[in-house]
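Structure, as structure tokens:
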Ligand SMILES: *Cc1c(COP(=O)(O)O)cnc(C)c1O
């Protein structure tokens, strides 16, 4: 590794400069304890920004998914459908509730939940008399799933939707904010997301009563009584007033961050799209992605190298790139779980995993840094092609 080259991270935090004034206010008024004016303000501002009826600020995106499952009454023995091509946090809360995940493949256009596979899975579940209690639909790398189709199918079977929009805050589908299509929407403010509170999440819904109930569940489910009275299992999931202050300042620059990430995507696209065998993740028509991470697939035969060789070349240049999420149905944790591929014998998520790569896409990435990444990819590419020619000549 060339240590002279500074490290380029995949998606590092990017502060706006206003965070400290919100945090200072919290200190000055001694609102250090959980909850306080920043939490109330952050909830209100997110709800306004995305056009949701109400929002509850919590300690992580994972916690928000867990609360949504709890509110929907998911319990031991229940089934929950979930996108397979995602980070494990989408499905871990299913296990927390003792429920059983069933994984649904992606479709090639969106990389997200295949409406076709979902339809088949729901049809079979109905025949077996055991519909899932919820469907968790993930919006990967900023791209919205095909929400129209998915909403129609779920409506037909009357199954509620939790939209995991951890990666798609700031994205739009048909003009409406990503994360506001399901019964519940979930955002994450983990350090690598498009905006961050260092760690945190948000549960949104048009059902203000459900959001109020999520606040109750997230503060140890304390019943209204002068003493500590508890009638259901609660959690300690609320966001602190300090972190909500960081979030309020970050939210002010969300639109700029989306624009920066989209610019980064455009530059990658213009600089690399001529290479044969390289295909960028498309943007669904009528949608606008926040382009959280620029992702592409490498066709080994056409490119003369595979995605692992490309990852290796970037690693050697001190550049952090990642494979696409490993599908959850392939994870040892979920061994034996039921899986519905897009079509019989056609598992789209497995193909995307084998050929996909995420490039550094942080909104603070400089032009020089991005040029370094592009050059590294072009060099790796021509080396790969040379190797192939040599083999051919011998
Ligand atoms: C980051 C992420 C989460 C979890 O968010 P945390 O705030 O880290 O708990 C859930 N789902 C997806 C798809 C994510 O990328």
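Residue numbers (the numbering used here): 34 to 427. Even glycine gets a Cβ: it sits at the ideal position worked out from N, Cα and C.
Cutting at 7 Å between CB atoms, please list the residues of its own chain near residue i, excluding the five before and the five after it.
i: residue 396; result: 47, 290, 293 and 294
i: residue 273; result: 67
i: residue 187; result: 168 and 194
i: residue 380; result: 138 and 374
i: residue 182; result: 148
i: residue 330; result: 312, 385, 388 and 389
i: residue 269; result: 253
i: residue 403; result: 297 and 300
i: residue 315; result: 142
Is residue i a contact residue of ligand 1, with contact defined as CB to any heavy atom under 7 Å?
i: residue 145; result: no
i: residue 44; result: no
i: residue 170; result: no
i: residue 95; result: yes
i: residue 175; result: no
i: residue 282; result: no
i: residue 226; result: yes
i: residue 200; result: yes
i: residue 223; result: yes
i: residue 120; result: yes
i: residue 123; result: yes
i: residue 242; result: no
i: residue 138; result: no
i: residue 345; result: no
i: residue 215; result: no
i: residue 234; result: yes
i: residue 428; result: Because the chain here runs from 34 to 427, residue 428 falls outside it and cannot be looked at.
Provide the residue span of the alpha helix (DSSP H) that contains residue i, from first to last.
i: residue 278; result: 274-285
i: residue 383; result: 381-388
i: residue 103; result: 94-104
i: residue 181; result: 180-190
i: residue 57; result: 52-61
i: residue 75; result: 70-83
i: residue 127; result: 125-129
i: residue 368; result: Counting along the chain, residue 368 falls outside any alpha helix (DSSP H), and DSSP gives it neither H nor E.
i: residue 347; result: 340-349
i: residue 336; result: 333-336
Go through its chain and collect everything with a Cβ distance to residue i's Cβ below 6 Å, but skip five positions before and after it.
i: residue 179; result: 143 and 148
i: residue 302; result: 313
i: residue 510; result: Past the boundaries of the shown model lies residue 510; the chain is included only from 34 to 427, so the question cannot be answered.
i: residue 75; result: 90, 277, 280 and 281
i: residue 416; result: none
i: residue 112; result: 133, 135 and 165
i: residue 306; result: none
i: residue 214; result: 180 and 196
i: residue 51; result: 282
i: residue 218; result: 196, 198, 212 and 237
i: residue 361; result: 117, 124, 136 and 367
i: residue 226; result: none
Provide the residue span of the beta strand (DSSP E) that contains residue i, from first to last.
i: residue 373; result: 371-373
i: residue 312; result: 311-313
i: residue 194; result: 194-197
i: residue 87; result: 87-91
Spatial neighbours of residue i within its chain, please: CB distance less than 8 Å, with the 5 preceding and 5 following residues excluded, ordered by chain position.
i: residue 256; result: 262, 263 and 264
i: residue 42; result: 353, 393 and 395
i: residue 358; result: 118, 119, 120, 173 and 386
Quiz item: At which residue ranges does the region 217-278 contain complete alpha helix (DSSP H) runs of 4 or more residues, listed in the order of the chain?
Solution: The qualifying runs are 241-251.
Quiz item: Of all the alpha helix (DSSP H) runs that stay within the bounds of the region 125-166, which reach a length of 4 or more residues?
Solution: Whole alpha helix (DSSP H) segments, 4+ residues: 125-129 and 148-160.
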